[in-house]
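Written below as structure tokens is the structure these notes are about.
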Amino acid sequence: MIRRMIAAVIAMCAWTTVLAQSTDPLPAIPPRDRAALARELLGVTVTELPAPALATVGDRRTFYAMDIESGERRGLQAEMIAAGSHATLWAETPDSIDVDAAASLLQQFDDVVYPAVREMWGSEDIPGIDGDPRLMIVFVEDVESGTAAYYSSSDRYPSEIVPLSSEADLFFVSSALVGNRLDRPQVVATLAHEFQHMIRDHRGERPQTWLNEGLSTYTELALGLLPSDWAFSTFQRSPGIQLTDWSLEENRGAHYGAAGLFVTYVADRFGRDGVTALAAGEGPGLAPVRAMLTMVDPTLDAETVIADWTAANFLRAEGSAAYGYRSVTLPVPDSRPVEWGETIKTSLPPYAAAYYTLDLAGAGVLTVDVNADIAVPMLPASPASGDHFWVPLRADDSAAALTREFDLASASTPELRFDVWYDLEDNYDYLLLTATADGGATWQVLEPDSAVDSPYGPALTGYSGGWRTERVSLENYAGQRVRVRWLVVTDDALTEPGVALDDIAVDAIEFHDDTEQGVGDWSAAGWVLTDNRIEASVWVQVMQRTGSGVRVDRQRVYGSGRLDVAVAPDAREVAIAVTPLADMTTEPISVALTIQTLPD
-10 MIRRMIAAVI
0 AMCAWTTVLA
10 QSTDPLPAIP
20 PRDRAALARE
30 LLGVTVTELP
40 APALATVGDR
50 RTFYAMDIES
60 GERRGLQAEM
70 IAAGSHATLW
80 AETPDSIDVD
90 AAASLLQQFD
100 DVVYPAVREM
110 WGSEDIPGID
120 GDPRLMIVFV
130 EDVESGTAAY
140 YSSSDRYPSE
150 IVPLSSEADL
160 FFVSSALVGN
170 RLDRPQVVAT
180 LAHEFQHMIR
190 DHRGERPQTW
200 LNEGLSTYTE
210 LALGLLPSDW
220 AFSTFQRSPG
230 IQLTDWSLEE
240 NRGAHYGAAG
250 LFVTYVADRF
260 GRDGVTALAA
270 GEGPGLAPVR
280 AMLTMVDPTL
290 DAETVIADWT
300 AANFLRAEGS
310 AAYGYRSVTL
320 PVPDSRPVEW
330 GETIKTSLPP
340 YAAAYYTLDL
350 AGAGVLTVDV
360 NADIAVPMLP
370 ASPASGDHFW
380 VPLRADDSAA
390 ALTREFDLAS
400 ASTPELRFDV
410 WYDLEDNYDY
420 LLLTATADGG
430 ATWQVLEPDS
440 AVDSPYGPAL
450 TGYSGGWRTE
460 RVSLENYAGQ
470 RVRVRWLVVT
480 DDALTEPGVA
490 LDDIAVDAIE
500 FHDDTEQGVG
510 DWSAAGWVLT
520 DNRIEASVWV
530 QVMQRTGSGV
540 RVDRQRVYGS
550 GRLDVAVAPD
560 AREVAIAVTP
570 LADMTTEPIS
580 VALTIQTLPD
């Protein structure tokens, strides 16, 4: 019938949209400059380190390994067991190491990992802080349950800047997880994974954790070191996780799978230029994808690529650039069968997916009625008062600063008061309150009521448990003009929702800002004044597998709408994919679908 030949009949109605954020570009997020922070906040000036003698087999030295969970470092002695052309191997317990396996591992690093990873991503610093052109691979007894290895940028800084730095370019590897056979393929793959992280850091690039881990997972795959059914299969069983988020606790393997699979999709579809451009991207959410597309295909937008990727993970269509893969074979993703006339209610974070399969009996035109949130909170907190608050944009390896000058010329005992909500990675990310009366030449770290110790002095970290009112004495600045700065410093990897700041007051000078009057005299670097409402939309896709291939019909729904799609006469499978879209948040978006069919 003629109707059967129509590719799709799409009817949308009852549209509602909330545009919660300004359409202006997001402000740049300042990078964390450790040398500048140490100079400003600790008064540290680092002189050039003396060139050390190159280590040889049998030498011992001190390293500082980090407990991933707590962030605390412990000193340990390790001995060099073997040396290769591009790396040396050290062990905390040398008697437990098979020397032949150690030599074999270094040979594989020299022959396979080192040249291939550098060809993909560029070079590390040669030599590094320790003056040795070779990297160090350090096997230690206690890293953290489930962590095979890690690279930390902290170790490439002098100890004056980062106390308990190992002052070397190295990877720490867990002896407990690796065992005695160091030269197993899994260990070689792990070294390739960590080497990508090192190169990215040495090049001064700051991809967010999800992308950085995706690049490392893709590196393992590209070198032929990663079985394609590992993390990718884990993700296919849990497609409801957010691509642009990361967790060390919940479903870690699925996060690796999602990120690695997306980078693999980009490489398969857009080639080497695409994955190289993606790797250079910075910023929150889909910013790296948008930057990549401006270079390789300006006709596409990032949201469409997310929709294509979601469909590809279900269809796995051979020979299709948009809806399949060339380099991996995927299992079927987790899905739920639904009945005609059924209303489905789900809640998903942005850039996650849910799949629903349908019985084809009686199918003619498939109708999907959609109702979804039109806005989602940026943070899981309401303002302390009014409708707005200040928020630093969420980013790894950043130092977002919110600054204001106060004239305390007439004040004798001034006190700063502000309401704050925070959920920061405990003992890794910090909110510091700093002040200067000399134009920024020197800064003093102030101490709010709830402050704890941090590498830079008193700071807030962890979870506030709700809104808190913090008070800080400004008595040392009485009679002067003082600039006060709220500084959020984040580490290399993993961020929690962040910080909200509201109701700032200095009663002694009758200053009160309830954050409802606009930016005014505030200087914001990486902070935004927001009503905590982010525009949300939802991709709804109808995917058909037919005798001649695959077909995808989709609509991006803002609030509510209806999608009508003609079912192909030779359709073998029909499924629906739902993918919420919202930048700068990890809060879930509610979606309701009612699925019906009209007879042929």
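In my numbering, the protein residues as written are -10 to 589. Where a beta carbon is used, it is the ideal one built from N, C-alpha and C, also for glycine. All values reported here derive from a predicted model rather than from experimental measurement.
Thr82 counts as exposed, since fewer than 16 other C-beta atoms from the protein chains shown sit within 10 angstroms of its C-beta. Rounded to the nearest angstrom, the gap between the Cα atoms of Glu156 and Glu307 is 49 Å. Partner residues in the beta bridge of Phe160, as assigned by DSSP, are Ile126. Distances from the alpha-carbon of Thr575 to those of Leu180, Ser236, Ala440 and Arg62 put Ser236 closest.
Nearest neighbour of Asn201 by Cα position, chosen from Ala557, Gly313 and Gly246, turns out to be Gly246. Scanning Leu30, Ala76 and Arg62 for the CA closest to the CA of Ala44 turns up Ala76. The residue from Val488, Glu61 and Ala67 with its alpha-carbon nearest to that of Ser85 is Ala67. Where Leu304 is concerned, the enclosing alpha helix (DSSP H) starts and stops at Ala291 to Leu304. Between Ile295 and Leu397, the gap from beta carbon to beta carbon reaches 8 Å or more. Pairwise C-beta distances place the stretch 413 to 423 out of contact with the stretch 556 to 563, as fewer than three of them are shorter than 8 Å. The secondary-structure analysis by DSSP pairs Glu404 across a beta bridge with Ser462. When secondary structure is reduced to three states using DSSP, Leu275 falls in the coil class, being assigned neither helix nor strand. Here the alpha carbons of Asp502 and Pro403 stand approximately 16 Å from one another. Within the same chain, Cβ atoms closer than 6 Å to the Cβ of Leu215 are found at Ala178 and Glu209, the five residues on either side in sequence being excluded.
Contact check between the stretch 429 to 438 and the stretch 504 to 514: fewer than three CB pairs, one atom from each, fall below 8 Å, which does not count as touching. Less than 8 Å divides the Cβ of Ala384 from the Cβ of Pro273.
Residues of the same chain with a CB within less than 7 Å of the CB of Asp172, apart from the 5 flanking positions on each side, are Ala90, Ser93, Leu94 and Gln97 in chain order.
A direct Cα-Cα distance of roughly 29 Å separates Val434 from His191.
With distances taken between CA atoms, Asn416 lies nearest to Ala440 out of Val539, Asp408 and Ala440. Thr519 has Phe378 as its beta-bridge partners, per DSSP. With respect to Thr335, Val529 sits apart: the two C-beta atoms are not nearer than 8 Å. Apart from sequence neighbours up to five positions away, the residues of its chain that approach Phe160 with a beta-carbon distance below 6 Å are Ile126, Ala138, Tyr140 and Glu183, ordered along the chain. DSSP lists Thr535 as the bridge partner or partners of Gly538. Between the alpha carbons of Arg189 and Trp298 lies a gap of roughly 25 Å. Secondary structure at Trp110: helix, using DSSP grouped into helix, strand and coil.
In this structure, the CA atom of Thr288 is about 8 Å from the CA atom of Leu282. Between Ala564 and Tyr344, the CB-CB gap stays under 8 Å.
Taking C-beta atoms as the reference points, Gly375 and Glu505 count as a pair closer than 8 Å.
Residue Thr458 holds the alpha-carbon nearest to the alpha-carbon of Leu405 among Ala370, Pro444, Thr458 and Ser453.
By the CB criterion at 8 Å, Asn521 and Phe407 fall outside the cutoff. Taken atom to atom, the span from the alpha-carbon of Arg545 to that of Gly536 is near 27 Å. Under the DSSP assignment, Gly509 falls outside any beta strand (DSSP E); it carries neither an H nor an E label. Per DSSP, the beta bridge partners of Pro366 are Arg522.
Residue pairing by DSSP puts Met55 in a beta bridge opposite Arg62.
The Cβ-Cβ distance between Pro366 and Gly515 does not fall below 8 Å.
Taking the Cα of Gly548 as reference, the smallest distance to any Cα among Gly193, Glu108 and Ala361 is reached at Ala361.
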